[in-house]
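Student: One structure is given below, represented as structure tokens, and several questions about it will come after.
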Amino acid sequence: MTTIKTVWITGASSGLGLATAKAFAGRGWLVVAGARSFADGAVHEEEKAEHWVRLRLDVTDGESCAHFVRRALEISPRVDALVCGAAVLVLGSCEKTGADEYNRVLDTNFTGAARMVSLALPYMRAQGSGRIVLFSSINGLLGIPFQSAYTASKHALEGYAECLAMETAPWGVQVCLVEPGDHRGGSQRTRLNAREENGASPYHERFDAAVAVIHSDEANGLSPDRLGEKLVQNVERRHMRFRLRVAKPDQHLAVWLHALLPPWLNGRVLCAYYQGKRKA
1139 MTTIKTVWIT GASSGLGLAT AKAFAGRGWL VVAGARSFAD GAVHEEEKAE
1189 HWVRLRLDVT DGESCAHFVR RALEISPRVD ALVCGAAVLV LGSCEKTGAD
1239 EYNRVLDTNF TGAARMVSLA LPYMRAQGSG RIVLFSSING LLGIPFQSAY
1289 TASKHALEGY AECLAMETAP WGVQVCLVEP GDHRGGSQRT RLNAREENGA
1339 SPYHERFDAA VAVIHSDEAN GLSPDRLGEK LVQNVERRHM RFRLRVAKPD
1389 QHLAVWLHAL LPPWLNGRVL CAYYQGKRKA
């Protein structure tokens, strides 16, 4: 008798997390999907559907994470894969982004993922297998103007994943970093507002221009469903690719140029790009 495989997914209420959950369910996996918006009163009741269970989860809250794991294990005693997709984004200059905003972004995007990995790993080690997928970003490979908090959190995940893969390999646990470029309906859904870049700010014009480019790139980005399908295909491989980059050709090019160009020239290229669509 074949046992249905189980995946835990954080940040599964919208965007890339939701697309990933749908892709796993479509492949016959039991999806235990977590998100803060899945609340149904104080008792955290679940909604159930075929191959799909929704549980409330706040990755910044240790007790919420522990409750999610307890309920997930009651639903299925296995965790074949963990996908950490919960994320928030702040837009603002380094100078104007406050410590509270940095802390919230890092706690969600980085520490929240590490918190869930620590809870899932004992069960994966006991099974002798498991797949851990961490949502990084193109921002995990290069800096983007006015996205310092998000960029810092994704750079942290990149280094963490390399350590994690080496430490857990003896137990048959494999790790994958997903590095998406722009996708439609992505980070705009979970964007936090940094301190207002008003007319008195020296960054005002450049900030407005960069935000216009960011919004345009997202609106014309790839389909989230495509990423979900590629992610599931990678998880179902015998040997997962450690890095899975799903992006448009120009964003692949930006990553390659970042590795090849001297920092001063790379900075000029990126600044020119994020100022070039001011009237778009």
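1139 is the number of the first residue of the sequence shown in the numbering used here; add one for each residue after it.
For each residue, glycine too, the CB sits at the ideal point set by N, CA and C.
Below 8 Å, how does it come out for the region 1162-1169 and the region 1230-1239: are there three or more Cβ pairs, yes or no?
Tutor: Because the criterion of three Cβ pairs below 8 Å is not met, the region 1162-1169 and the region 1230-1239 do not touch.
Student: Taking all protein chains shown into account, do 16 or more other C-beta atoms lie within 10 angstroms of the C-beta of GLY1166, making it buried, or fewer, making it exposed?
Tutor: Counting Cβ neighbours within 10 Å, GLY1166 comes out exposed, since fewer than 16 surround it.
Student: From what residue to what residue does the beta strand (DSSP E) around GLU1356 run?
Tutor: Run containing GLU1356: none in the beta strand (DSSP E); it sits in the alpha helix (DSSP H), 1342-1357.
Student: Under 7 Å, do CYS1222 and ALA1251 count as touching if we go by C-beta distance?
Tutor: Their beta carbons are under 7 Å apart, which means CYS1222 touches ALA1251 by this criterion.
Student: Whole angstroms are fine: how far does the CA of SER1291 sit from the CA of PHE1284?
Tutor: Cα to Cα, the separation comes out at about 14 Å.
Student: Can you grab the Cα-Cα spacing for the pair ALA1115 / VAL1313, in whole Å?
Tutor: Within the shown structure, residues of the chain are numbered from 1139 to 1418, placing residue 1115 beyond reach of any answer.
Student: What separation, rounded to the nearest whole angstrom, lies between the Cα atoms of GLY1310 and LEU1369?
Tutor: Going by the C-alpha atoms only, they are around 19 Å apart.
Student: Three or more C-beta pairs under 8 Å: does that hold for the region 1197-1214 against the region 1346-1355?
Tutor: Contact between the region 1197-1214 and the region 1346-1355 is absent, because fewer than three Cβ pairs lie under 8 Å.
Student: Applying the criterion that 16 or more other CB atoms from any shown protein chain within 10 Å of the CB defines a buried residue, is PHE1380 buried or exposed?
Tutor: By the neighbour-count rule (16 or more Cβ atoms within 10 Å), PHE1380 is not buried but exposed.
Student: So, helix, strand or coil for ARG1376, using DSSP?
Tutor: If DSSP states are grouped into helix, strand and coil, ARG1376 belongs with coil.
Student: Straight-line CA distance for PHE1176 to GLY1149?
Tutor: The alpha-carbon atoms of PHE1176 and GLY1149 are separated by roughly 10 Å.
Student: I'd like to confirm the pairing. Which residues does DSSP put opposite PHE1273 in its beta bridges?
Tutor: Paired residue(s): VAL1316.
Student: Quick check on ILE1282: buried or exposed, where buried means 16 or more other Cβ atoms within 10 Å of its Cβ?
Tutor: Under this definition ILE1282 is a buried residue.
Student: For ASP1218 and GLY1297, I'd like the C-alpha separation in whole angstroms.
Tutor: Their backbone Cα atoms lie some 23 Å apart in a straight line.
Student: Counting C-beta neighbours from all protein chains within 10 Å, is the total for THR1158 16 or more, i.e. buried, or is it exposed?
Tutor: So THR1158 counts as buried.
Student: Quick check: what's the CA-CA separation for ARG1507 versus LEU1382?
Tutor: This structure cannot speak to residue 1507, because the chain is shown only from 1139 to 1418.
Student: Kindly identify the DSSP beta-bridge partner or partners of GLN1108.
Tutor: Not covered by the structure: residue 1108. The range shown for the chain is 1139 to 1418.
Student: Using 10 angstroms around the beta-carbon of CYS1301, count the other beta-carbons present and answer buried if the total reaches 16, otherwise exposed.
Tutor: Per the 10 Å Cβ criterion, exposed.
Student: Taking the Cβ atom as the reference point for each residue, do LEU1220 and HIS1189 lie within a distance shorter than 7 Å?
Tutor: No, the pair does not count as a contact, with Cβ atoms beyond the cut-off.
Student: First and last residue of the alpha helix (DSSP H) that includes GLY1419?
Tutor: Residue 1419 cannot be examined here, being either before or after the span of the chain that is shown, 1139 to 1418.
Student: Restricting to Cα atoms, I'd like to know which of GLN1265, ILE1276, LEU1295 and ARG1263 is closest to ASP1245.
Tutor: Here the closest residue by C-alpha is LEU1295.
Student: Would you verify that the beta carbon of ARG1376 is, or is not, closer than 7 Å to some beta carbon of chain B?
Tutor: Judged by its chain identifiers, the structure shown contains no chain B, having just a single protein chain.
Student: If I measure Cβ to Cβ from ASN1358 and keep anything under 7 Å in the same chain, skipping five residues before and after, which residues do I get?
Tutor: Cβ within range, chain order: n/a, list empty.
Student: Quick check on DSSP: helix, strand or coil for VAL1217?
Tutor: VAL1217: coil per DSSP, three-state reduction.
Student: Skipping 5 residues on each side, what residues in its chain have a beta carbon closer than 8 Å to that of GLY1278?
Tutor: Excluding residues within five positions, the ones whose Cβ falls inside 8 Å are THR1289, LYS1292, HIS1293, LEU1295, GLU1296, LEU1315 and GLU1317.
Student: Out of curiosity, what's the CA-to-CA distance linking VAL1085 and HIS1321?
Tutor: This structure gives no information on residue 1085, because the portion of the chain shown stretches from 1139 to 1418.
Student: Under the three-state reduction of DSSP, which class applies to TRP1167: helix, strand or coil?
Tutor: In the structure shown, TRP1167 sits in coil (DSSP, three-state: anything other than H, G, I, E or B).
Student: If you count every other CB in all the chains shown that lies within 10 Å of the CB of TRP1146, and 16 or more means buried, which is it?
Tutor: Classification of TRP1146: buried, given that the 10 Å Cβ count is 16 or more.
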